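Below is one structure, written out as structure tokens, with a few remarks after it.
There are 2 protein chains.
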Amino acid sequence: MVLICKNKHFHEILTNFAGQKTVFMAQKPSIPKGTRDFGQEEMARRNYIFDTIRSVFLRFGYHEIETPAMENLSTLLGKYGDEGDKLLFRILNSGDAFAGVDFDRPLPPQVCEKGLRYDLTVPFARYVVQHQSEISFPFKRFQIQPVWRADRPQKGRYREFYQCDVDVIGSRSQVNELELVQMVDMVFSALGIRVGIKINNRKVLTGFAEIAGAPDKVVDITVAIDKLDKIGLEKVEEEMAAKEISAEGIAVIREILSLQGGFAEKMASMRSLFLGGSASGIVSETGLKGLDELDELFSLIEAGGVSQAVELDLSLARGLNYYTGAIFEVKALDFPIGSICGGGRYDNLTGIFGLPDMSGVGISFGADRIYDVLTGLDKFPPALGTTTRLLFAVMGSDELRYVLPLSAALRKEGVAVEVYPEACKLRKQFDYAARKGIPFISINGSEEIAAGTINLKNLESGTQIALKADSLEEILAFLK
Amino acid sequence: MVLICKNKHFHEILTNFAGQKTVFMAQKPSIPKGTRDFGQEEMARRNYIFDTIRSVFLRFGYHEIETPAMENLSTLLGKYGDEGDKLLFRILNSGDAFAGVDFDRPLPPQVCEKGLRYDLTVPFARYVVQHQSEISFPFKRFQIQPVWRADRPQKGRYREFYQCDVDVIGSRSQVNELELVQMVDMVFSALGIRVGIKINNRKVLTGFAEIAGAPDKVVDITVAIDKLDKIGLEKVEEEMAAKEISAEGIAVIREILSLQGGFAEKMASMRSLFLGGSASGIVSETGLKGLDELDELFSLIEAGGVSQAVELDLSLARGLNYYTGAIFEVKALDFPIGSICGGGRYDNLTGIFGLPDMSGVGISFGADRIYDVLTGLDKFPPALGTTTRLLFAVMGSDELRYVLPLSAALRKEGVAVEVYPEACKLRKQFDYAARKGIPFISINGSEEIAAGTINLKNLESGTQIALKADSLEEILAFLK
Numbered sequence: 087m088v089l090i091c092k093n094k095h096f097h098e099i100l101t102n103f104a105g106q107k108t109v110f111m112a113q114k115p116s117i118p119k120g121t122r123d124f125g126q127e128e129m130a131r132r133n134y135i136f137d138t139i140r141s142v143f144l145r146f147g148y149h150e151i152e153t154p155a156m157e158n159l160s161t162l163l164g165k166y167g168d169e170g171d172k173l174l175f176r177i178l179n180s181g182d183a184f185a186g187v188d189f190d191r192p193l194p195p196q197v198c199e200k201g202l203r204y205d206l207t208v209p210f211a212r213y214v215v216q217h218q219s220e221i222s223f224p225f226k227r228f229q230i231q232p233v234w235r236a237d238r239p240q241k242g243r244y245r246e247f248y249q250c251d252v253d254v255i256g257s258r259s260q261v262n263e264l265e266l267v268q269m270v271d272m273v274f275s276a277l278g279i280r281v282g283i284k285i286n287n288r289k290v291l292t293g294f295a296e297i298a299g300a301p302d303k304v305v306d307i308t309v310a311i312d313k314l315d316k317i318g319l320e321k322v323e324e325e326m327a328a329k330e331i332s333a334e335g336i337a338v339i340r341e342i343l344s345l346q347g348g349f350a351e352k353m354a355s356m357r358s359l360f361l362g363g364s365a366s367g368i369v370s371e372t373g374l375k376g377l378d379e380l381d382e383l384f385s386l387i388e389a390g391g392v393s394q395a396v397e398l399d400l401s402l403a404r405g406l407n408y409y410t411g412a413i414f415e416v417k418a419l420d421f422p423i424g425s426i427c428g429g430g431r432y433d434n435l436t437g438i439f440g441l442p443d444m445s446g447v448g449i450s451f452g453a454d455r456i457y458d459v460l461t462g463l464d465k466f467p468p469a470l471g472t473t474t475r476l477l478f479a480v481m482g483s484d485e486l487r488y489v490l491p492l493s494a495a496l497r498k499e500g501v502a503v504e505v506y507p508e509a510c511k512l513r514k515q516f517d518y519a520a521r522k523g524i525p526f527i528s529i530n531g532s533e534e535i536a537a538g539t540i541n542l543k544n545l546e547s548g549t550q551i552a553l554k555a556d557s558l559e560e561i562l563a564f565l566k
Numbered sequence: 087m088v089l090i091c092k093n094k095h096f097h098e099i100l101t102n103f104a105g106q107k108t109v110f111m112a113q114k115p116s117i118p119k120g121t122r123d124f125g126q127e128e129m130a131r132r133n134y135i136f137d138t139i140r141s142v143f144l145r146f147g148y149h150e151i152e153t154p155a156m157e158n159l160s161t162l163l164g165k166y167g168d169e170g171d172k173l174l175f176r177i178l179n180s181g182d183a184f185a186g187v188d189f190d191r192p193l194p195p196q197v198c199e200k201g202l203r204y205d206l207t208v209p210f211a212r213y214v215v216q217h218q219s220e221i222s223f224p225f226k227r228f229q230i231q232p233v234w235r236a237d238r239p240q241k242g243r244y245r246e247f248y249q250c251d252v253d254v255i256g257s258r259s260q261v262n263e264l265e266l267v268q269m270v271d272m273v274f275s276a277l278g279i280r281v282g283i284k285i286n287n288r289k290v291l292t293g294f295a296e297i298a299g300a301p302d303k304v305v306d307i308t309v310a311i312d313k314l315d316k317i318g319l320e321k322v323e324e325e326m327a328a329k330e331i332s333a334e335g336i337a338v339i340r341e342i343l344s345l346q347g348g349f350a351e352k353m354a355s356m357r358s359l360f361l362g363g364s365a366s367g368i369v370s371e372t373g374l375k376g377l378d379e380l381d382e383l384f385s386l387i388e389a390g391g392v393s394q395a396v397e398l399d400l401s402l403a404r405g406l407n408y409y410t411g412a413i414f415e416v417k418a419l420d421f422p423i424g425s426i427c428g429g430g431r432y433d434n435l436t437g438i439f440g441l442p443d444m445s446g447v448g449i450s451f452g453a454d455r456i457y458d459v460l461t462g463l464d465k466f467p468p469a470l471g472t473t474t475r476l477l478f479a480v481m482g483s484d485e486l487r488y489v490l491p492l493s494a495a496l497r498k499e500g501v502a503v504e505v506y507p508e509a510c511k512l513r514k515q516f517d518y519a520a521r522k523g524i525p526f527i528s529i530n531g532s533e534e535i536a537a538g539t540i541n542l543k544n545l546e547s548g549t550q551i552a553l554k555a556d557s558l559e560e561i562l563a564f565l566k
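Line by line, the protein sequences give chains A and B. Counting in our numbering, the first sequence runs from 87 upward without gaps. Counting in our numbering, the second sequence runs from 87 upward without gaps.
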């Protein structure tokens, strides 16, 4: 069906365009703002990132799924707030979308039933609920797909970009958190990026609000604390005051954010604060539970082993009310670009689609930023985009036929080989090899045919050799 | 930005949903008709197909590109005929799409500027024209991405499906055709599918029309001939008569379609017909040119070597007016499903965007049909979806910590290992291993910890062994 349709339309393309050519001549083609074409080098680099991430996920027993680009708007609407609803790309109903619409009522809901995926989280929740009877829990999945947002495009912000999410749902054990940390460790070690993995716990943040005497202001306090790195302690305190946190409460928060020492010291100080030792004297059970979880997670990390830097960061909040346990954030240590990976535990993701009490934990890798870090640190493996090892230059019909069997034999051995398709000037064929970064060239004429030999030249070192055309192993060795 | 947005919206998800839970409880989530979720097994199988195809493309020096899902409607409209225009998914403009529209004029063009990619061909043409200054010609590219069509969904026809196109543009040499045939050969050999590769040439079809005395009816004759396999010679003749092909012309076509013999014989007979030997006595220069091209291509194929069956099929037309030279079609020999791959040479693909005279040739692999063939013939490698080799069952906190270092060490060696996250009943943990097809399980208690050993059990054979926990090589050997 696919192929047949394509052909039918190919035919129509030609028919339609024969008459319209001049119109199109004037029109320089372009793509929608905020979208990108990826050429061969970018694709090779992106595939390198995705393949590295994918291979690590698989090694921990996570499996890949894909969901459709289009979801029903009923699945998407209301899940990202009013602002998010406005950023959804809506798809006009097919057929006559405007037949029978009531022009006195808002039109978009009447003419659009579907929208483009806005993130991978809501489709994942929808997937788990829809397929719950087929799924074995704990369900460990990852998903690497584009998402679309009608944000105003700007540097580093696109309307189409890939997300790369890994989640496990249906288990409360912190072994899952450990595995996420181990995966982050293994991914960035494989990519050659030194990172710092920061960990906090949402229950500890709740504890802060409780001992500050403002248990209903967790979000305000969290949002303020989250800005500590950017705006400093003074401004954070101003912001909390503006949110009507009492001076006494602010003093408690200040006490917390000024805690010094290593992990054990900080944990001990926090525990005494949550036990009633703060200026307010309030006890926080939730805060203590959060400390227990952090203790358990750090003890698992120690037992499991992680090579990159992991640290407790009591100011890490990731500005959100959604997480219920561990919170993660990963930053590149040698390149200033903000967070390149982050996530946490949530307790009610699938509740939005009617499946309550499924606890899960997940992280998301920021592919575009990781790309920028690897570019900035010059850490992409060299010659990623150039796979072709050898170009057979071609000087005529006989010479062409002479190298065809060898090119086929080399490809069978897994070597990427090109045969220049035209018997044109050698200069042009050398240029082609140079532009594609092909390291070896083979030029053969009547003499080589008569002698049954193949000329091979290493374009980098200049080394040249003539080998018997049937000595496949020696040829392979030279091309190594 | 990605991560920050996500968090902001996560927060809103929770806030919005707390109050709406009951509404969503009632709503069983679903996906738009004609779209699909791909679970882990399907994904593993699809990735197997795409990875196989990709590795072959790369071995011939073709490189991957990607284009955005959304294109400007000015790029898409008019390229697929009136019927195709109707099948485009249009995207409502963001912001207030209906602000300032003139309700007396057609609305879709006023409220939609973008549409979803309908195939990979038009975006490829757009890409070549837009990036012509960066591209080295001959430009060899492949592209594996989904496309969207508002077709009526039915068995085997989807509204979102992957296309997998490989094309070279900017070279008229038939070495390119040879390479496509070699790639088809290598892909299907690697997948274990026996295929027949049929080849024809569009100029030969033009020659048919010329010697039938109906040079202006190439399309009618081509469309009729294309149905030969399905409706038989008699009906084909009726159809040609209905298109006002003369009785004499039909007699000439019958003469052609009845040609017997092998390649050389058929070619010789055709040549004499095109030289004026048919009932009409008309000479066709174009037809002769087409025979020369076929001669050259088959001679190259002989020199290059192809393991699967290749044959000349003078009735192969692929119902289209678009191709200008070679035409290809590939069918599975052991599974009845129609064409699984096809394509041909075109001389004016980029002319539609103002870059004339770029000759190219390409083929498209039908991923969904190849999937069905592999399923039908049971040719997918076994256990594609199961990567995890070993599950560590967990009986308690100490036992968990005992196996963490080994699980990390095994993963470093590339072995996919899972640690069951909860210390629950062993029955449940065995079930998990069985459902995920994990072949080895390791259960360790206080005795093993005391002895410093690791129990390993092959779940298929029942073989069990206890090895020193630090004897990584022996453990790896047992898991092989």
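Even for Gly, the Cβ is constructed at its ideal location relative to N, Cα and C. All figures in this text were calculated on a predicted structure; none of them were measured in a lab.
In angstroms with no decimal places, state the Cα-to-Cα distance between residue i and residue j.
| i | j | result |
| --- | --- | --- |
| A536(A) | I413(B) | 36 Å |
| A567(B) | E199(B) | What the structure shows of chain B is the stretch from 87 to 566, and residue 567(B) is not part of that stretch, so it cannot be assessed. |
| D517(A) | L490(B) | 54 Å |
| R132(A) | I426(A) | 15 Å |
| V281(A) | H217(B) | 36 Å |
| R245(B) | F124(B) | 15 Å |
| N262(B) | I368(B) | 32 Å |
| D556(A) | L492(A) | 8 Å |
| V480(B) | F223(A) | 16 Å |
| G376(A) | L206(A) | 28 Å |
| I342(B) | F294(B) | 8 Å |
| I423(B) | Q240(B) | 16 Å |
| A276(B) | L496(B) | 30 Å |
| K554(B) | V267(A) | 27 Å |
| Y506(A) | S528(B) | 55 Å |
Could you say which of the options lies nearest to residue i if we only look at CA atoms?
| i | options | result |
| --- | --- | --- |
| L562(B) | E499(B), S483(B) and S385(B) | E499(B) |
| V233(A) | A365(A), R243(A), D168(A) and G448(A) | R243(A) |
| Q249(A) | A310(A), D464(A), D454(A) and E296(A) | D454(A) |
| V130(B) | G548(B), T549(B), A494(B) and T472(B) | In the sequence as presented, Val is not what sits at residue 130(B); that position holds Ala. Of G548(B), T549(B), A494(B) and T472(B), the residue nearest in Cα terms is T472(B). |
| G175(A) | K511(A), F189(A), K417(A) and V197(A) | The question names Gly, yet the displayed sequence has Phe at residue 175(A). Checked all of K511(A), F189(A), K417(A) and V197(A); the closest Cα to F175(A) is V197(A). |
Can you list, in chain order, the residues of its chain whose CB lies under 6 Å from that of residue i, leaving out five sequence neighbours each side?
| i | result |
| --- | --- |
| E504(A) | T474 and L477 |
| T161(A) | R212 |
| I336(B) | E323 and M326 |
| A300(B) | I331 and G335 |
Between which residues of its own chain and residue i is the CB-CB distance below 8 Å, once the five residues before and five after are set aside?
| i | result |
| --- | --- |
| G170(A) | Y204 |
| E559(B) | none |
| H95(B) | With a pLDDT of 42 at H95(B), under the threshold of 50, the modelled position of that residue is not reliable, and no figure is offered here. |
| P442(B) | N434 and T436 |
Shorter than 7 Å, the distance from the beta carbon of residue i to the closest heavy atom of the ligand NAP, or not?
| i | result |
| --- | --- |
| F274(A) | Summarising the ligand content, the structure contains no ligands, and the ligand NAP is consequently not present. |
Skipping 5 residues on each side, what residues in its chain have a beta carbon closer than 7 Å to that of residue i?
| i | result |
| --- | --- |
| E296(A) | I368, S370, T372 and G373 |
Give the residues from the segment 502-518 of chain A that approach chain B closer than 9 Å (Cβ to any Cβ), ordered along the chain.
-> Under the 9 Å Cβ criterion, the segment 502-518 of chain A contributes A502, V503, E504, V505, Y506, P507, E508, A509, D517 and Y518.
The segment 349-359 of chain B contacting the segment 265-278 of chain B, beta-carbon criterion three pairs below 8 Å | Between the segment 349-359 of chain B and the segment 265-278 of chain B, the count of Cβ pairs shorter than 8 Å is below three; the stretches do not touch.
Chain A contacts made by the segment 284-318 of chain B, where a contact means CB separation under 7 Å = Listed by position along the chain: nothing, the set is empty.
Give, in chain order, every residue of the segment 453-470 of chain B whose Cβ lies closer than 9 Å to some Cβ of chain A.
-> The segment 453-470 of chain B vs chain A, Cβ under 9 Å: A453, D454 and R455.
What residues in the segment 246-265 of chain A have a beta carbon less than 7 Å from any beta carbon of chain B?
-> Listed by position along the chain: E246, F247, Q249, S257, S259, V261 and N262.
Quick check: the segment 178-193 of chain A against the segment 248-267 of chain A, are there 3 or more CB pairs under 8 Å?
-> Fewer than three Cβ pairs drawn from the segment 178-193 of chain A and the segment 248-267 of chain A lie within less than 8 Å of each other, which leaves the two stretches out of contact.
Three or more beta-carbon pairs under 8 Å between the segment 223-239 of chain B and the segment 143-159 of chain B, yes or no?
-> Because the criterion of three Cβ pairs below 8 Å is met, the segment 223-239 of chain B and the segment 143-159 of chain B touch.
Any 3 or more C-beta pairs closer than 8 Å across the segment 460-475 of chain B and the segment 433-445 of chain B | Contact fails: fewer than three Cβ-Cβ distances are below 8 Å.
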